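Numbering (my numbering), first residue to last: 700 to 885.
Given below as structure tokens:
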């Protein structure tokens, strides 16, 4: 990890610390909005593959009990509809999203399941750095749960959960590179 920063549009002054964890803010539509930028020592291609392969999330994302791809774009072969089942203690929810994948650049997910969310939108942007073995990822997350209790709980734990999730993606990249390195040695 080279640099990690978490930033959100805030209407108040933010505190400076080793890791900045400000409160969630709402966008103009009232959705909670969260933006995370992180520089990684992993190539763009690898990070894109990890992010776009939603069906593999259950293998490395905490609290993800099932992940699947329902449809692929017939032209590009990239996922176009996918979903997750997320569980934690008494919470167990399943949702499906339409995906727009731009190879090695971007993955956008928009929820089509409205039992859990009024609105869910995520946008992963993957940008190359000078070294082809590094990239910067940006995650933009906008959401509004139908259940106000979920909104309140998420506002309390969103920073921590987002850090755990990003760490899981980074660890997945480390594990894949380690396994590829071992395979090449055999």
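Just so you know, even glycine gets a beta-carbon here, dropped at the ideal spot from N, CA and C.
What you are looking at is a predicted structure, and each value in this text was computed from that prediction instead of being measured.
- Taking 7 Å as the cut-off, the Cβ atoms of residue 780 and residue 770 count as close.
- Following the DSSP letters along the chain, one finds residue 743 in no beta strand (DSSP E) but inside the alpha helix (DSSP H) bounded by residues 743-751.
- Only residues of its own chain outside the window of five on either side were considered, and among them 766, 767 and 768 have a CB closer than 6 Å to the CB of residue 754, listed in chain order.
- According to DSSP, residue 827 shares a beta bridge with 834.
- With contacts defined by Cβ atoms closer than 7 Å, residue 735 and residue 861 form a contacting pair.
- Relative to the Cα of residue 808, the nearest Cα in the group 840, 826 and 817 belongs to 840.
- In its chain, beyond the 5 residues on either side, 750, 751, 798, 800 and 823 have a beta carbon closer than 7 Å to the beta carbon of residue 806.
- The three-state secondary structure of residue 856, taken from DSSP, is helix.
- Each of 830, 877 and 857 was checked against the Cα of residue 739, and the nearest Cα belongs to 830.
- Setting aside the 5 residues that flank it on each side, residue 867 is surrounded in the same chain by 759, 760 and 761, each with a C-beta closer than 7 Å to its C-beta; the list follows chain order.
- By the Cβ neighbour-count rule, residue 743 is buried, with 16 or more other Cβ atoms within 10 Å of its own.
- Around residue 837, the same chain offers 736 and 824 as residues with beta carbons nearer than 6 Å, after the five sequence neighbours per side are excluded.
- Just measuring C-alpha positions, the residue of 795, 879, 819 and 763 sitting nearest residue 787 is 763.
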